[in-house]
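Enquirer: Before I ask anything, let me first share the structure, which is written out below as structure tokens.
Residue numbers (our numbering): 17 to 468.
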């Protein structure tokens, strides 16, 4: 059966960017930027995105486009006879499942808070009560479970319609709406009285603040964020390469995806920092920034019910585009490896993901005493395994497969990446040596730091 392809170049870019743009990126990037010298961190981030993120992204896309298959079969089609690179494809599949085991729950939080704002439940909330609202949600397995189930069912309904009619069509509209929403929300934040201090804090380079953190730490934090923002290493991007046409070079497409991803990350900071400074609130890290700090801000803001609703619609779109992109990868892996139809793959994966997502929901209430890896709860454990192990190790394997003589090989990767019109990889010995010897070391540094 002929493999389906994207209906348009815009569809490919928006779907791929939708996969990369996630809720962790949206709230983690602004916090890290603020804590690490503002504009200086952003400069480091952009540099590492170009020298690390773009090359590895082209490698995942190249494996997908050259093979026309999902990860396991993609490796098998390109690997030397008798080699076992394709085993990594199964780890990619496991990584996608593990990611969805907690990501669907967090996406459900966004849906829950949108309903709370849109229905007026938070109107008139007393100052300081936002933490109680958040903790009450976490303590209620039925509330969280229903939202998680809605996210999972909606996601599989979308991908059941196929690549063009399902994933591409819905992702395009959601991404266009997301980009419009983020601009509207950022403009509203910047126009708030007293927001200027937040803009300065966020964007103006501060060597003094960076020096307090340590310039080396700023660079390392920027390198980590630039690497993890694209969700590389579990074939989440490889699958979209398999649906690509060969009209455009992979470096050019990778840069476009990175530009969209970075735009959303930067603009999310333009929502958060001006709003927090305008209301005299210090932004902090993690879920509390979104669900407690910003909720307090929106409740106090004129037309806060509207702005809170729009913000959590934006956050839900950011999470849901990732969910359906990863679901598509899971369907493709099952169809390619087991010969299932899309309908059968949807049904089986729907049941599996629903069941596998339950521990994360219960990990905040009924199973709250269940801890792993030095006291981490279920969600934090699953996130650690994906972010600190599977992503960097997987990226290293994709890299070595593409640049070493024991894998696909540099020349074949290079030719595939540069096929089509657009920006091409440099044709020089130093660039080849960089990919073969320097980039692996940078990824190993990220892996070791994550484990420490």
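In this text, a Cβ means the ideal position worked out from N, Cα and C, and glycines have one as well.
(1) Measure how close the beta-carbons of residue 209 and residue 294 come, nearest whole angstrom, since I'm counting them as under 8 Å.
(2) Mind pulling the alpha helix (DSSP H) runs of 4 or more residues that sit fully within the region 286 to 322?
(3) Got a sec, what are the start and stop residues for the alpha helix (DSSP H) residue 236 sits in?
(4) Tell me whether residue 446 is buried or exposed, calling it buried when 16 or more other Cβ atoms sit within 10 Å of its Cβ.
(5) Can you name the start and end residues of the alpha helix (DSSP H) that residue 254 belongs to?
(6) Taking C-beta to C-beta, are residue 72 and residue 414 nearer than 8 Å?
(7) Run the CB neighbour count on residue 152, radius 10 Å, all protein chains shown included, and call it buried at 16 or more, exposed below.
(8) Per DSSP, residue 437 is paired with what?
(9) If residue 348 sits next to residue 181, beta carbons under 8 Å apart, how far is it from one beta carbon to the other, in whole angstroms?
(10) Cα separation between residue 228 and residue 330?
(11) Determine whether the beta carbon atoms of residue 250 and residue 407 lie at a separation below 8 Å.
(12) Since residue 45 and residue 363 should fall inside the 8 Å C-beta cutoff, what is the C-beta to C-beta distance between them, to a whole number of angstroms?
(13) Out of 202, 196, 440, 309, which has the shortest C-alpha to C-alpha gap to residue 146?
(14) With 16 other CB atoms within 10 Å as the buried threshold, where does residue 263 fall?
(15) If you draw a straight line from the C-alpha of residue 321 to the C-alpha of residue 312, how long is it?
(16) Thinking just about the alpha-carbon of each residue, which of 201, 230, 396 is nearest to the one in residue 319?
(17) Alpha carbon to alpha carbon, how far is residue 69 from residue 324? Give it in angstroms, no decimals.
(18) Check whether the region 126 to 143 touches the region 380 to 399, counting contact only when three or more Cβ pairs, one atom from each stretch, lie closer than 8 Å.
(19) Determine the closest residue to residue 304 out of 33, 51, 150, 103, with distance taken between C-alpha atoms.
(20) Under 8 Å Cβ to Cβ from residue 373, same chain only, skipping five residues before and after it: list those, please.
(21) Do residue 375 and residue 402 have their C-beta atoms within less than 8 Å of each other?
(22) Short of 7 Å in beta carbon distance, which residues of its chain neighbour residue 94, apart from the five on each side in sequence? Order them along the chain.
(23) Got a sec, what are the start and stop residues for the alpha helix (DSSP H) residue 159 sits in?
(24) Are the CB atoms of residue 171 and residue 343 within a distance shorter than 8 Å?
(25) Answer yes if the region 221 to 240 comes into contact with the region 48 to 57, meaning at least three C-beta pairs across the two stretches below 8 Å, and no otherwise.
Expert: The structure says:
(1) So it is a contact: roughly 6 Å between Cβ atoms.
(2) Inside the region 286 to 322, DSSP marks whole alpha helix (DSSP H) runs of 4 or more residues at positions 310 to 316, from first to last along the chain.
(3) Counting along the chain, residue 236 sits inside the alpha helix (DSSP H) bounded by residues 231 to 244.
(4) It is exposed - the Cβ of residue 446 has fewer than 16 other Cβ atoms within 10 Å.
(5) That run of the alpha helix (DSSP H) goes 254 to 258.
(6) Yes; because the gap between Cβ atoms is below 8 Å, this pair is in contact.
(7) Exposure of residue 152 is indicated by the presence of fewer than 16 other C-beta atoms within 10 angstroms of its C-beta.
(8) Beta-bridge pairing links residue 437 to 264.
(9) That belief does not hold up - the Cβ atoms of residue 348 and residue 181 are roughly 15 Å apart, past 8 Å.
(10) Their Cα atoms are separated by approximately 34 Å.
(11) In contact: residue 250 and residue 407 (Cβ atoms closer than 8 Å).
(12) Contact annotation, residue 45 with residue 363: C-beta distance approximately 37 Å; criterion of less than 8 Å not satisfied.
(13) That would be 309, whose Cα lies nearest to the Cα of residue 146.
(14) Residue 263 is exposed by the Cβ-count criterion.
(15) Cα to Cα, residue 321 sits roughly 11 Å from residue 312.
(16) Restricting attention to 201, 230, 396, the CA atom closest to the CA of residue 319 is found in 201.
(17) A direct Cα-Cα distance of roughly 33 Å separates residue 324 from residue 69.
(18) By the Cβ rule, the region 126 to 143 does not count as touching the region 380 to 399, because fewer than three pairs are nearer than 8 Å.
(19) Out of 33, 51, 150, 103, 150 has the C-alpha closest to the C-alpha of residue 304.
(20) Within its own chain, the residues whose Cβ lies closer than 8 Å to the Cβ of residue 373, once the five positions on either side in sequence are excluded, are 116, 117, 118, 120, 121, 164, 168, listed in chain order.
(21) Going by C-beta atoms, residue 375 is not nearer than 8 Å to residue 402.
(22) Answer for residue 94: 79, 82, 83, 424, listed in chain order.
(23) Element bounds for residue 159: 157 to 176.
(24) Against a cut-off of 8 Å, the Cβ pair of residue 171 and residue 343 comes out as a contact.
(25) Touching, yes.
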